[in-house]
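For the sequence shown, counting from 1, position 50 maps to 50 in the UniProt record's numbering; every step adds exactly one. Note that the Cβ used here is the ideal one computed from N, Cα and C, for glycine as well.
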Amino acid sequence: MVLLTMTPSIVDALKLLGEQRKGDEPGNDASQNQPESESSTEPAVGNPISHSEIIGLYKKLGALQSSPPKYSLEQLLQGSRVYISPPPPKPEPSEEFKALMARLRREEDARAYERMINPPPPLESFQHRFPNAAQAFAEANRPSNSEDLGDDEVTYNEIHRQVMLILNFLVSIAGVAVTLWIAGRWWSLSSRIFLSLGGSILVAIAEVAVYSSYMWRMGEAKSKQGAVKEIKEVVQTWIVGQGEGDDKSVLLESKDEGDERVRRRIPTTQTDNPDS
């Protein structure tokens with residue numbers, strides 16, 4: 001049987017029914033044989049009451065009152081919910097259970113005190129076992145040549161160039177799309193959308209093609225420049241502050257083209273002074 005909760009209207013109806021029964025004549029056997037209340041519990045909001053008892057209460061209110069009843073069945077049930085009985089009280093633990101829990105607490109306190117006065121040795125970690133591992137790893141991976149360090153300035157310039165290139169592409173595409181959208185303001189909405197979209201795609205393709213051609217030409221120029229070898233040749237030599245009696249430098253041509261050009265100094269002979 002489903003139980004419902006008592007509403008304020010049900011509580012008032014039960015109290016009204018009880019007052020009317022108390023006012024009846026004591027010699028009225030019919031009133032004495034009627035049950036005192038449809039609910040075995042005390043009338044209070046939230047207490048349980050069955051649906052059949054609510055229907056019986058409504059019928060008895062209509063039979064006792066000559067006028068239409070004060071509360072209709074809908075008013076009696078308004079706000080009522082299914083009654084859920086409270087959970088049963090927790091059973092009291094037995095003496096054996098209490099003794100066991102007390103013994104376990106004492107043992108845990110003893111272990112905690114033992115750990116406090118005699119702490120266990122710390123676990124050996126990788127850092128404790130190999131304290132110089134980080135320095136050895138850094139030393140092994142240290143670049144041996146200065147060329148391996150890289151150039152932060154070159155990297156920053158390259159990133160800046162690429163970011164500015166992307167922004168230039170986006171501005172060009174957006175500008176063409178807005179221009180075509182404004183130019184086709186007399187067209188239908190779908191035509192304007194397709195016109196702007198097609199123009200943006202064409203501009204994007206053109207930008208990529210121009211940039212690819214530029215990069216290809218730059219690569220070709222660098223490859224050609226790297227293929228050309230610089231040849232250094234001594235054309236003329238001179239000595240700053242040379243006097244008349246000093247040696248003169250004479251450039252000797254090499255016999256073979258593959259030999260390096262060597263500058264040799266040939267001293268000039270002077271006639272002896274008869275006075276010396």
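Identify which residue in the options has its Cα closest to the Cα of residue i.
| i | options | result |
| --- | --- | --- |
| V82 | S50, E92, A102, R103 | S50 |
| S52 | K98, T5, P91, A44 | T5 |
| L73 | R115, R21, Y58 | Y58 |
| E95 | R103, T237, A110 | R103 |
| A204 | L76, F169, Q20, G46 | F169 |
| Q75 | I55, A99, K22, L64 | I55 |
| L77 | S212, A99, P91, V45 | V45 |
Who are the near neighbours of residue i in its chain, counting only those whose CB is closer than 6 Å to its CB and skipping five residues on each side?
| i | result |
| --- | --- |
| G18 | none |
| Y214 | none |
How long is the line joining the alpha carbons of residue i and residue j, rounded to whole angstroms?
| i | j | result |
| --- | --- | --- |
| F137 | T155 | 26 Å |
| A134 | E124 | 17 Å |
| P8 | P93 | 40 Å |
| Q127 | E158 | 40 Å |
| G226 | V171 | 36 Å |
| N132 | M116 | 32 Å |
| V2 | G62 | 24 Å |
| I193 | K229 | 56 Å |
| K224 | S191 | 49 Å |
| R106 | N118 | 18 Å |
Measure the Cβ-Cβ separation of residue i and residue j and say whether it is below 9 Å.
| i | j | result |
| --- | --- | --- |
| S85 | P122 | no |
| residue 294 | A177 | Given a span of 1 to 276 for the chain in the structure shown, any question on residue 294 remains unanswerable. |
| Y211 | L165 | yes |
So residue i and residue j are supposed to be a Cβ contact under 8 Å. How far apart are they, rounded?
| i | j | result |
| --- | --- | --- |
| G184 | L195 | 5 Å |
Considering only residues of the same chain and omitting the five flanking positions on each side of residue i, which have a CB-CB separation below 7 Å?
| i | result |
| --- | --- |
| P43 | M6, V11, L14, K15 |
| V163 | none |
| residue 280 | No information on residue 280 is available, as it lies outside the stretch 1 to 276 that the chain covers here. |
| L180 | L195, S196, G199 |
Give me, in chain order, the residues of the same chain whose beta-carbon lies closer than 8 Å to that of residue i; leave out the 5 immediate sequence neighbours on both sides.
| i | result |
| --- | --- |
| residue 281 | Lying outside 1 to 276, the shown extent of the chain, residue 281 is not represented and no answer is given. |
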